[in-house]
Amino acid sequence: MSNVVATITHGLFWSVATVACAAVYTVTMVPFVWRTRKLGVGLFEKKDRSALYPKLFTEDGEFTHHRYIDLGGGKKFHVVESGNTSGPLVLFLHGFPQCWYTWSKQLEGLKDDQYHLVAMDMRGYGASYRPKRNGFVMKEFISDVRGVIEALQKDKPQESRRVTLVSHDWGAIVGWHVMADSWKLEASQQGYIDKGIIINIGHPLIGAGNLLRPFQKYLSLHWLTQLITKPAVTWPIIKADFAPVLTQLAKSYYIYIFQLPTPFGRSFLSIRDWFFAELVVKGIKNSTAEDAEIYKAAAAYATVDDPTPAIDYAIEYYRRGAAQEGWSLKKKDDGFIGIPVLVLWGEQDVALDMKINLENTKTRVPNVEIQTYPGVGHFLPEEIPDELNEKIRKFAST
1 MSNVVATITH GLFWSVATVA CAAVYTVTMV PFVWRTRKLG VGLFEKKDRS ALYPKLFTED
61 GEFTHHRYID LGGGKKFHVV ESGNTSGPLV LFLHGFPQCW YTWSKQLEGL KDDQYHLVAM
121 DMRGYGASYR PKRNGFVMKE FISDVRGVIE ALQKDKPQES RRVTLVSHDW GAIVGWHVMA
181 DSWKLEASQQ GYIDKGIIIN IGHPLIGAGN LLRPFQKYLS LHWLTQLITK PAVTWPIIKA
241 DFAPVLTQLA KSYYIYIFQL PTPFGRSFLS IRDWFFAELV VKGIKNSTAE DAEIYKAAAA
301 YATVDDPTPA IDYAIEYYRR GAAQEGWSLK KKDDGFIGIP VLVLWGEQDV ALDMKINLEN
361 TKTRVPNVEI QTYPGVGHFL PEEIPDELNE KIRKFAST
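Its first residue numbered 1, the sequence shown is counted upward by one per residue in full-length UniProt numbering.
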């Protein structure tokens, strides 16, 4: 009987979730489509940006070099490097919906330092390996990063094999897992990350715990009794604790859309000539029209062998629920990281609530330092490149 109840409950939950996702999609898209129609802009028209592909994937710049790292089994990753290729490695992982280009100002700004600077296209992005849909799982993301690090380090002398991992957004979700994986191997002296810089994403388990905590606390007989008997006193307390949760749920509206079948998610991102990419870039201080064109080209990138636009693969990061994969809130050792970690946070983040993401981080990352930036948004690498470069320079060298 319990199995039947569980099955019904599970089915009901996903039915409600699907309806909710569809509702968010409709509420978001209908006004947008109407405005587009009034402007006389082609809803599904897209400009050909293939002329930008050499810059994105093959054409070396004044201080950058494109390279492809083959990990075997068809897994080939596109990276862009600069700086001293014999020096300690600083590896950059980008987020959604971007690519290696996110780190352009770091590849330039730090090129004269001692470091080997490498920005990789994550799997599914840009010209990197495109797996099947079931290939977007955390153990594979970790394997990708570790494999790229090993390939980049293999010819270096031992004294130059230090690694600082710098990651942002979804790249930082992977970054947290990579650092935890490395820390597990530290006891056998096989750890492969020395330090990590995380930009605008919280530790996945910390964030999950912070989201759940108000529900666990207030869904009890005690608090329900208090709410009934002393509503004037109790309700403000409950409301204050739930405020960050509701803020985060509201900011995550686009994630609900991505849970719908892929064509819906793609249409949300690609209509009106990849308007979403333009919207993202407009929200980045100091961004340019060229930046918007680059990100649109990267989102639309497809090959003769695989005509699927890269953005479809990017959405899979959200659809597969990989953020906390392999970890449990009940296990204190899961996600534990003992190496030095620097978390940098733009307080004007439009996608993530700071309290939900950062509160209690030290419980699983005791050697963490957190610095916040008032007036700065989600995209620190592009919004405050000079400050970020100086942070990387100092943190990696100590």
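Ideal Cβ positions, reconstructed from N, Cα and C, are used throughout, including at glycine. Model, not experiment: these values are computed from the prediction.
In the DSSP assignment, find the alpha helix (DSSP H) that holds leucine 56 and state where it starts and stops. 53 to 57
Going by C-alpha to C-alpha distance, which of Val148, Thr58, Lys285 and Lys75 sits closest to valine 90? When the alpha-carbon of valine 90 is set against those of Val148, Thr58, Lys285 and Lys75, the nearest one is in Val148.
When you compare only the Cα positions, how much space is there between aspartate 305 and glycine 326? 33 Å
Cβ shell of glutamate 383 (< 8 Å), same chain only, five flanking positions each side left out: Correct list, in chain order: Ile284, Lys285, Asn286, Gly346, Val376 and Gly377.
Nearest-angstrom Cα separation, counted from phenylalanine 63 out to alanine 119: When rounded, the distance between both Cα atoms is 13 Å.
Per-residue DSSP class, three states only, for isoleucine 284: coil
Hey, could you find the ends of the alpha helix (DSSP H) tyrosine 125 is sitting in? Boundaries for tyrosine 125: no alpha helix (DSSP H) harbours it, and the DSSP string shows neither H nor E there.
List the whole-angstrom C-beta distance separating valine 178 from isoleucine 142, where the pair is believed to meet the contact cut-off of C-beta under 8 Å. 5 Å
What three-state label does DSSP hand lysine 251 in the structure shown? helix
Should alanine 250 and phenylalanine 96 be called a contact, given that it needs their Cβ atoms to be closer than 8 Å? no
State buried or exposed for threonine 303, treating a residue as buried only when at least 16 other CB atoms are found within 10 Å of its CB. exposed
Buried versus exposed, by CB contacts within 10 Å (16 or more), serine 182: buried
Rounded distance between the beta-carbons of arginine 266 and isoleucine 311, thought under 8 Å: The C-beta distance from isoleucine 311 to arginine 266 rounds to 6 Å, short enough to fall under 8 Å.
Could you give the first and the last residue of the continuous beta strand (DSSP E) run that contains arginine 213? Note, arginine 213: premise wrong, no beta strand (DSSP E); alpha helix (DSSP H) at 204 to 218.
First and last residue of the uninterrupted alpha helix (DSSP H) at threonine 229: 221 to 229
Are alanine 297 and valine 281 closer than 8 Å when you measure CB to CB? no
Exposure of leucine 39, with buried meaning 16 or more beta-carbon neighbours within 10 Å: Low confidence applies here, because leucine 39 scores a pLDDT of 48, under 50, leaving its location unreliable and the question unanswered by this model.
Under 8 Å by Cβ, that's how I've got methionine 138 and histidine 94 pegged, so tell me the actual separation to the nearest angstrom. Not a contact, Cβ separation roughly 17 Å.
Interface flag, phenylalanine 379 vs chain C, CB-CB below 8 Å: Reference to chain C is not applicable here, since this structure consists of a single protein chain.
Under 8 Å between C-beta atoms of tyrosine 218 and isoleucine 197: No, these two residues do not count as a Cβ contact at 8 Å.
Which residue marks the beginning of the beta strand (DSSP E) containing isoleucine 198, and which one marks its end? 195 to 199
Measure the alpha-carbon distance for phenylalanine 77 versus phenylalanine 57 and round it to whole angstroms. 11 Å
Sorted by chain position, which residues of the same chain lie with C-beta nearer than 6 Å to residue 407's C-beta, five sequence neighbours on each side aside? The question about residue 407 has no answer here: the residues shown for the chain are numbered 1 through 398.
Sort out for me which residues DSSP pairs tyrosine 68 with in a bridge. His78
Just list the residues that DSSP pairs leucine 342 with in beta bridges. Ile197 and Glu369
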